[in-house]
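> Quick one: the structure is below, questions incoming.
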Amino acid sequence: MMIEPSPHELSRTAFIAKFGGIYEHSPWVAETLYDQGLSKNDSDPKKLSERMVTIVDAAGDERQMALLCAHPELAGKLAMSGSLTAESKAEQASARLDQCSAEEFAEFKNLNRRYQKTFGHPFIIAVRGLNRTKILAAFRERVNHSAQVEFRTALAEVHKIAKLRLDQLAAGKG
124 MMIEPSPHEL SRTAFIAKFG GIYEHSPWVA ETLYDQGLSK NDSDPKKLSE
174 RMVTIVDAAG DERQMALLCA HPELAGKLAM SGSLTAESKA EQASARLDQC
224 SAEEFAEFKN LNRRYQKTFG HPFIIAVRGL NRTKILAAFR ERVNHSAQVE
274 FRTALAEVHK IAKLRLDQLA AGKG
C-alpha cells in the first residue's frame, strides 16, 4: 500500500499536519524530512520510515532523549486522565491497557516509577499486537537493563511505533 496523497505532493504545512505526529510530540522529524526534499518514492511507507529513522538516528543523544521523554507512560497518568494523543490512546487500547485490573494498574504504576527513575524516560514498547501479560513481562525484564542498552531498546521501539503509524496511514486508517 502507498500513502495517499503522495507526501511529495503536499505543502510543508499539510505534510507536517499529516506526519508531524508519527514520532510522538516530535514534529521536528517530519519538518527535517520535508526540508530534505521529498519524491514519489516517499509514498512507500517503508521508504518514508527508513528516511525518518535516519533523521532520528543522526539527531544525537540529547534530541533522542527528548523524543523518548515525549512518550506517555503505559497505563499511566495521561491514560487515566484521557490526555493521550489519539495515536497513543488507540495503541494502548489495542493492548487493552485501558482495561487493567487494580493489580495490573498498580504494577504498571510501580514499574513506571522505577523505570523513569532509572532511565530518565518512560518505558516504551510498540504495544500493537501485544497483550498486558506480554507487556508486563517485557517491562519487568527491561527495567533491569543497563542505561545504554535500554536507551537503544527504547529508541528501536519508537521506530517500530512510527513504522506502524505510517502503515496505518497507508491503509487509510490514520
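First residue of the sequence shown? That's 124 in the working numbering, and the numbers climb one at a time after it. Even glycine gets a Cβ: it sits at the ideal position worked out from N, Cα and C.
With the cut-off set at 7 Å, would you say L191 and A277 are in Cβ contact?
Yes.
> At the level of alpha carbons, what is the spacing between A198 and P245?
Their backbone Cα atoms lie some 11 Å apart in a straight line.
> Please classify L289: does DSSP put it in a helix, a strand, or coil?
DSSP places L289 in helix when its eight states are reduced to three.
> Just to confirm my understanding: we take E210, look at its own chain, exclude 5 residues before and 5 after, and list those with CB closer than 7 Å. What are they?
If we look at E210 and ignore the five residues flanking it on each side, its Cβ neighbours are G144, R288.
> Tell me whether Q215 is buried or exposed, calling it buried when 16 or more other Cβ atoms sit within 10 Å of its Cβ.
With 16 or more other Cβ atoms within 10 Å, it is buried.
> Rank V152, A294, N164, Q271 by C-alpha distance to the C-alpha of T177 and give the top, closest one.
The residue with the shortest Cα to Cα distance from T177 is V152.
> Might you give, ordered along the chain, the residues of its own chain that have their beta carbon closer than 6 Å to the beta carbon of F142, omitting 5 neighbours on each side?
Around F142: A153.
> To the nearest angstrom, how far is the alpha carbon of L156 from that of S172?
Rounded to the nearest angstrom, the two C-alpha atoms are 10 Å apart.
> Taking buried to mean at least 16 other C-beta atoms within 10 Å of its own C-beta, is E264 buried or exposed?
Burial call: exposed.
> Could you check what DSSP says for P150 in three-state terms: helix, strand or coil?
Of the three classes helix, strand and coil, the one that applies to P150 here is coil, per DSSP.
> Do you know offhand how far K232's Cα is from S166's?
One C-alpha to the other measures close to 40 Å.
> Return the chain-ordered ranges of every beta strand (DSSP E) run that is complete within the stretch 176-229 and spans a minimum of 3 residues.
Listed in chain order, nothing qualifies, since the stretch 176-229 has no complete beta strand (DSSP E) run of 3 or more residues.
> Excluding five sequence neighbours on each side, which residues of the same chain lie with their C-beta closer than 8 Å to the C-beta of F228?
Contacts found: A198.
> Look at A182 and S149 and say whether their C-beta atoms are less than 7 Å apart.
Not closer than 7 Å, so no.
> CB A249 to CB E226, shorter than 7 Å?
No.
> Judging by CA-CA distance, which residue of M125, P195, A137 is the nearest neighbour of K169?
Checked all of M125, P195, A137; the closest Cα to K169 is M125.
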